[in-house]
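Visitor: Dropping the structure in here first, questions after.
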Amino acid sequence: SAVISQKPSRDICQRGTSLTIQCQVDSQVTMMFWYRQQPGQSLTLIATANQGSEATYESGFVIDKFPISRPNLTFSTLTVSNMSPEDSSIYLCSVVGTVSYEQYFGPGTRLTVT
Amino acid sequence: GEDVEQSLFLSVREGDSSVINCTYTDSSSTYLYWYKQEPGAGLQLLTYIFSNMDMKQDQRLTVLLNKKDKHLSLRIADTQTGDSAIYFCAESRKNRDDKIIFGKGTRLHILP
């Protein structure tokens with residue numbers, strides 16, 4: 008399995024500011040995903056980030072609000088821009104392991120926007 | 009459509025078996041998963057099953073798949089207090105770039 012770390016683990020931010028979340032994996036992976044889990048809800052895919060190409064965003068998510076970087080095969084960042092209280096969620100990074108059907112998740116970043 | 013449905017709550021006495029059920033709508037689903045999320049923690053991949061399998065057993069966990077009815081279940085034998093968590097059913101298709109669709113999660117509560 009892949010070991011995934013995220014920074015920060017939690018943050019409290021003011022409305023209108025931006026936060027960049029980092030995701031680090033202990034092995035090289037092709038596919039990385041960013042999910043959002045709103046309070047008491049299930050997980051919703053924000054975007055797929057593959058190294059060497061632009062991130063692919065799901066319906067309802069746009070690059071201006073959630074810019075993503077994928078500079079190499081072990082690292083990615085997600086920025087939550089111009090935050091509002093509705094952005095308060097857990098943001099999770101996910102990777103597909105060496106066996107293609109096994110998808111692993113990081114511990115998540117708990118974001119509270121005041 | 010791409011829906012995964014599961015009941016929201018389940019209460020089970022310690023030592024009994026827990027059975028968490030899930031239905032999905034996409035008949036072309038390739039892989040089906042169960043994830044566990046403990047309070048304040050990330051998601052732990054518990055087990056998965058290929059769509060061409062009927063059953064998979066892993067220690068206290070048994071996954072049953074009825075592909076005809078698009079029904080997946082997770083049985084936890086000898087339920088313990090450490091099993092208290094939210095369990096997410098999920099499915100993916102290879103031709104959907106491995107994107108996983110999650111159910112809303114079943115909160116398993118263990119009674120003493």
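Chains as they are written, first to last, in our numbering: chain W, 8 to 121; chain U, 9 to 120. Beta carbons: idealized from backbone N, C-alpha and C, even for Gly. Since this is a predicted model, take the numbers as computed values, not measurements.
#1: Are the beta-carbon atoms belonging to Asp91 (chain U) and Leu116 (chain U) less than 8 angstroms from one another?
#2: What does DSSP give as the partner residues of Asn79 (chain W) in its beta bridges?
#3: Give me the residue from U:Ala93, U:Asp86, U:Cys97 with the minimum Cα distance to Tyr32 (chain U).
#4: Let me see if you follow: with CB-CB separation under 8 angstroms, is Arg54 (chain U) close to chain W or not?
#5: Under 9 angstroms Cβ-Cβ, which residues of chain U neighbour Leu85 (chain W)?
#6: I believe Pro114 (chain W) touches Gly50 (chain U) by the beta-carbon criterion, under 8 angstroms. Please report the beta-carbon distance rounded to the nearest angstrom.
#7: Among the candidates U:Leu72, U:Tyr43, U:Leu54, whose CA atom is the shortest distance from the CA of Ser49 (chain W)?
#8: Could you pull the DSSP bridge partners for Leu73 (chain U) from this structure?
#9: Could you tell me if Ile28 (chain W) is buried or exposed, where buried requires 16 or more neighbouring beta carbons within 10 angstroms of its beta carbon?
#10: Beta-carbon of Gln110 (chain W) versus every beta-carbon of chain U: anything under 8 angstroms?
#11: Can you list, in chain order, the residues of its chain with a C-beta nearer than 6 angstroms to that of Leu40 (chain U)? Leave out the 5 residues immediately preceding and following it.
#12: Alpha carbon to alpha carbon, how far is Asp66 (chain U) from Thr55 (chain U)?
#13: So which of W:Gln44, W:Leu26, W:Ile11 has the shortest CA-CA distance to Ser96 (chain W)?
#14: On the three-state DSSP scale, how would you describe Asp71 (chain W)?
#15: Would you mind telling me which residues of chain W sit closer than 9 angstroms to Lys75 (chain U), beta carbon to beta carbon, in chain order?
#16: Classify Gly47 (chain W): buried if its beta carbon has 16 or more other beta carbons within 10 angstroms, exposed otherwise.
#17: Counting only Cβ pairs nearer than 9 angstroms, list the residues of chain W close to Ala93 (chain U).
#18: Can you pull the DSSP bridge partners for Glu99 (chain U)?
#19: Go to Glu13 (chain U), then tell me how far its beta strand (DSSP E) extends in each direction, as first and last residue.
#20: From this set, W:Leu26, W:Ala9, W:Tyr64, which residue's C-alpha is nearest Arg117 (chain W)'s C-alpha?
Guide: Inspection of the coordinates gives the following:
#1: Here residue 91 (chain U) refers to the residue found at position 83 of the second sequence. Here residue 116 (chain U) refers to the residue found at position 108 of the second sequence. Leu116 (chain U) sits close to Asp91 (chain U), with the two beta carbons spaced by under 8 angstroms.
#2: Residue mapping note: residue 79 (chain W) aligns to position 72 of the first sequence, counting from 1. W:Phe82, per the DSSP bridge assignment.
#3: Taking the first residue of the second sequence as position 1, residue 32 (chain U) is located at position 24. When each option's Cα is compared against that of Tyr32 (chain U), the closest is U:Cys97.
#4: Stepping through the second sequence from its first residue, residue 54 (chain U) is reached at position 46. Note on identity: in this sequence residue 54 (chain U) is Leu, with Arg being the wrong assignment. Not closer than 8 angstroms to any Cβ of chain W, the Cβ of Leu54 (chain U) fails to qualify, so no.
#5: Mapped onto the first sequence, residue 85 (chain W) falls at position 78. Those do not exist, as Leu85 (chain W) stays about 15 angstroms from chain U at its closest Cβ, beyond 9 angstroms.
#6: For this step, residue 114 (chain W) is matched to residue 107 along the first sequence. For this step, residue 50 (chain U) is matched to residue 42 along the second sequence. Contact between Pro114 (chain W) and Gly50 (chain U) holds: CB atoms are separated by about 4 angstroms, below the 8 angstroms threshold.
#7: Taking the first residue of the first sequence as 1, we reach residue 49 (chain W) at position 42. Among U:Leu72, U:Tyr43, U:Leu54, the Cα nearest to that of Ser49 (chain W) is on U:Tyr43.
#8: What you label residue 73 (chain U) is simply residue 65 of the second sequence in a count that begins at 1. In the DSSP output, where bridge partners are listed per residue, Leu73 (chain U) has U:Leu80.
#9: In the first sequence, residue 28 (chain W) corresponds to position 21, counting from 1. The residue in question, Ile28 (chain W), is buried, as its Cβ has 16 or more Cβ neighbours within 10 Å.
#10: Within the first sequence, residue 110 (chain W) is the residue found at index 103, counting from 1. Yes, because at least one Cβ of chain U sits closer than 8 angstroms to the Cβ of Gln110 (chain W).
#11: The count along the second sequence starts at 1 and reaches residue 40 (chain U) at position 32. Here the set comprises Ile57, Leu80, Glu99.
#12: Position 58 of the second sequence, counted from the start, is the residue given in the question as residue 66 (chain U). Position 47 of the second sequence, counted from the start, is the residue given in the question as residue 55 (chain U). Going from the Cα of Asp66 (chain U) to the Cα of Thr55 (chain U) covers about 8 angstroms.
#13: Start at 1 with the first residue of the first sequence, and residue 96 (chain W) comes out as number 89. Cα-wise, what sits closest to Ser96 (chain W) is W:Gln44.
#14: As a first step, residue 71 (chain W) is located in the first sequence; it is residue number 64 there, counting from the start. Coil at Asp71 (chain W), not helix or strand.
#15: For this step, residue 75 (chain U) is matched to residue 67 along the second sequence. Near Lys75 (chain U) there are no residues of chain W at all, since even the closest Cβ is about 16 angstroms away, more than 9 angstroms.
#16: As a first step, residue 47 (chain W) must be located in the first sequence, where it is residue number 40. It is exposed - the Cβ of Gly47 (chain W) has fewer than 16 other Cβ atoms within 10 Å.
#17: By one-based count along the second sequence, residue 93 (chain U) stands at place 85. Per Cβ cutoff of 9 angstroms: no residues; Ala93 (chain U) is ~14 angstroms from chain W at best.
#18: As a first step, residue 99 (chain U) must be located in the second sequence, where it is residue number 91. BP columns for Glu99 (chain U) point to U:Leu40, U:Ile109.
#19: Translated into positions along the second sequence, residue 13 (chain U) becomes position 5. Element bounds for Glu13 (chain U): 12-14.
#20: Taking the first sequence and counting its residues from 1, the one referred to as residue 117 (chain W) is at position 110. Among W:Leu26, W:Ala9, W:Tyr64, the Cα nearest to that of Arg117 (chain W) is on W:Leu26.
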